[in-house]
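Residue numbers for the sequence shown follow the numbering used here, beginning at 1 and rising by one.
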Amino acid sequence: MCRYNLRMEDGLWTVVDATTQQPAELNDVQMARMTWREACDMVDILNNLDRISFMSKRYEASARTMA
């Protein structure tokens, strides 16, 4: 399941964090009031960053048990 999704608000798009149901933020900037294309790109980027973070923590934990 993806952490970030889209929601239309007043004809523009907001990237929503599924864990909080609030607009996602990147470097303290809300991902809101974007065109559809911009919002889709941001959803892809944020979901990829989330996957990378998850996998790096998983590999880190695995490395600790091997040491």
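Backbone N, C-alpha and C fix where the C-beta goes; we use that ideal spot for every residue, glycine too. Since the structure is predicted, the reported quantities are computational estimates derived from the model, not experimental observations.
Item: Cross-strand partners of E25 (DSSP beta bridge); Value: Q30
Item: T14, DSSP secondary structure in three states; Value: strand
Item: M55 in three-state terms, based on DSSP; Value: helix
Item: Coil, strand or helix - R7 by DSSP; Value: strand
Item: Min CB distance V29 to chain D below 8 angstroms; Value: This model lacks chain D altogether; it includes just one protein chain.
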